[in-house]
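Asks: Pasting a structure here, questions to come.
Protein chains: 2
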Amino acid sequence: MHKPDTQTPPGEAVWTRLARSSDRIRGRIERDLADAGLPCLQWYDALLEIERADREGLRQFELQQRLLLPQYGLSRLLQRIAAAGLITRTPCPADGRGQILRVTAQGRQVRATMWPVYAAAMAAAIEAKLEPGDAARLAGLLDRLLD
Amino acid sequence: MHKPDTQTPPGEAVWTRLARSSDRIRGRIERDLADAGLPCLQWYDALLEIERADREGLRQFELQQRLLLPQYGLSRLLQRIAAAGLITRTPCPADGRGQILRVTAQGRQVRATMWPVYAAAMAAAIEAKLEPGDAARLAGLLDRLLD
DNA sequence: GACATTTTCATGCAAATGCATGTAGCTCGG
DNA sequence: CCGAGCTACATGCATTTGCATGAAAATGTC
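If you read the sequences in order, they're chains B and R.
With the working numbering, letter number 109 in the first sequence gets 109, and the count goes up by one each step, no holes.
With the working numbering, letter number 50 in the second sequence gets 1050, and the count goes up by one each step, no holes.
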């Protein structure tokens, strides 16, 4: 039998655990990446999305919607990633304001190197703690939070 | 019937949803607080812990363990909160290196004002999306992630 | 087609963060 | 009691973020 939590409202109980667990897991992943001399999670997410759209190329505003970053944040993030030689930003022929994002070979390489480190950290932080069925249940409940 | 996710490993499915949902909820809470002209979540958490320990007072290193912040981050956070007049930092008689943190009346007042905004944001972001039983299940699963 | 509005992206400046290091007080072995 | 090492906290400096605003191209309106 679980002792039901009669003190705090259910939203608070969920939020505190959600905040702590996501902070901890994120910290673990970032630390493992840094220890391996690799870029941070943000870079990975950006590289992945750009790589996925590599046939047509990706516009900055499209990436912004997928990454859930503020516009100025993404603008500067891409400046840094481009400065590191992992992506290119070429002017968009169909829209003079815009740019087309593409991964470079080096960018592909770096993302591929990051993946096993990232995956191992996730496995250690999550799969090691939950039965597979619980992981699926947890993912399902989180989906409801996301609408 | 749910279609089981055969593509991505369970850890990844959990992590992406965990990251997105906690970012969204945090964003919602921070926005509501900012719209109400109130300090951010970090300040709330610090004020709450200090207020809880107000009989004996709280040392900085104790607060650090509870808030899960880097030492220098907390040092400067407390400088700002103290500059705003919400806490005091008095030298610790038992340990010349240390300081004792206490809330001021204004600090108490500010935290009390923040609470209903914070609680409403949590309720809107979480309780509105989940049945009470699901919230309890979600909290339980997250507890396992936290060891 | 001219003009106001909106969209797309960049940037100046202040605030916050990360990292390394500094400083002062404590602790403990001898 | 003294010196090595540790603990508690602060800070200089570079990087990153937030916020407001700017600039240039596109879109809509009349």
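Cβ coordinates follow ideal geometry from the N, Cα and C atoms, glycine included.
Since the model is a prediction, treat every value here as computed from it, not as a measurement.
Whole angstroms are fine: how far does the CA of G1098 of chain R sit from the CA of R1059 of chain R?
Replies: About 7 Å.
Asks: According to DSSP, is R66 of chain B part of a helix, a strand, or is it coil?
Replies: R66 of chain B falls in the helix class under three-state DSSP.
Asks: L1033 of chain R and V1117 of chain R - do their beta-carbons sit closer together than 8 Å?
Replies: Yes, they are a contact pair.
Asks: In the DSSP assignment, the beta strand (DSSP E) including I87 of chain B goes from what residue to what residue?
Replies: Its beta strand (DSSP E) spans residues 87-91.
Asks: Quick one: give me the first and last residue of the alpha helix (DSSP H) that R1080 of chain R is part of.
Replies: It spans 1071-1083 - the alpha helix (DSSP H) in which R1080 of chain R sits, taken as one unbroken run.
Asks: Quick check on A1130 of chain R: does DSSP put it in helix, strand or coil?
Replies: First, the residue type needs correcting, since residue 1130 of chain R is Leu and not Ala in the sequence shown. Three-state DSSP puts L1130 of chain R in coil, outside helix and strand.
Asks: So what does DSSP say about R1028 of chain R, is it helix, strand or coil?
Replies: It is helical.
Asks: For the structure I just gave you, are there three or more beta carbon pairs, one from the stretch 1093-1108 of chain R and one from the stretch 1059-1073 of chain R, closer than 8 Å?
Replies: The stretch 1093-1108 of chain R is in contact with the stretch 1059-1073 of chain R.
Asks: Which bits of chain B does D1134 of chain R rub up against, with CB to CB less than 8 Å?
Replies: Correct list: L141, R144.
Asks: Q65 of chain B to D134 of chain B, Cα distance in whole Å?
Replies: Cα-Cα distance, rounded: 30 Å.
Asks: Taking only the alpha-carbon atoms, compute the straight-line gap between L1141 of chain R and A136 of chain B and give it to the nearest angstrom.
Replies: If you take the alpha carbons of L1141 of chain R and A136 of chain B, they lie about 11 Å apart.
Asks: According to the Cβ coordinates, are A125 of chain B and R28 of chain B closer than 8 Å?
Replies: Yes. Within cutoff.
Asks: Quick one, which of B:P93, B:M122, B:D45, B:A112 has its alpha-carbon nearest A1013 of chain R's?
Replies: Nearest C-alpha to A1013 of chain R: B:M122.
Asks: Taking C-beta pairs closer than 7 Å, name the residues in chain B that A1112 of chain R reaches, listed in chain order.
Replies: Under the 7 Å cutoff, chain B gives no residues; its nearest Cβ is about 16 Å from A1112 of chain R.
Asks: Closest to A1084 of chain R by C-alpha separation, out of R:E1030, R:P1093, R:G1073, R:Q1106, would be which residue?
Replies: If we check each option's Cα against that of A1084 of chain R, R:Q1106 comes out closest.
Asks: CB L130 of chain B to CB R1144 of chain R, shorter than 8 Å?
Replies: It is a contact, given that the beta carbons lie within the stated cut-off.
Asks: Would you give the residue range spanned by the beta strand (DSSP E) that L101 of chain B belongs to?
Replies: Taken as a continuous stretch (DSSP letters only), the beta strand (DSSP E) holding L101 of chain B covers 99-103.
Asks: Compute the Euclidean distance between the alpha carbons of M114 of chain B and D1147 of chain R, then round it to the nearest angstrom.
Replies: Approximately 26 Å, taken between the alpha carbons.
Asks: Have a look at B:D45, B:P9, B:R80, B:C92 and flag the residue whose alpha-carbon is nearest the alpha-carbon of E56 of chain B.
Replies: E56 of chain B has its Cα closest to that of B:C92, out of B:D45, B:P9, B:R80, B:C92.
Asks: Quick one, which of B:D23, B:D45, B:S21 has its alpha-carbon nearest A112 of chain B's?
Replies: The option with the nearest alpha carbon to A112 of chain B is B:D45.
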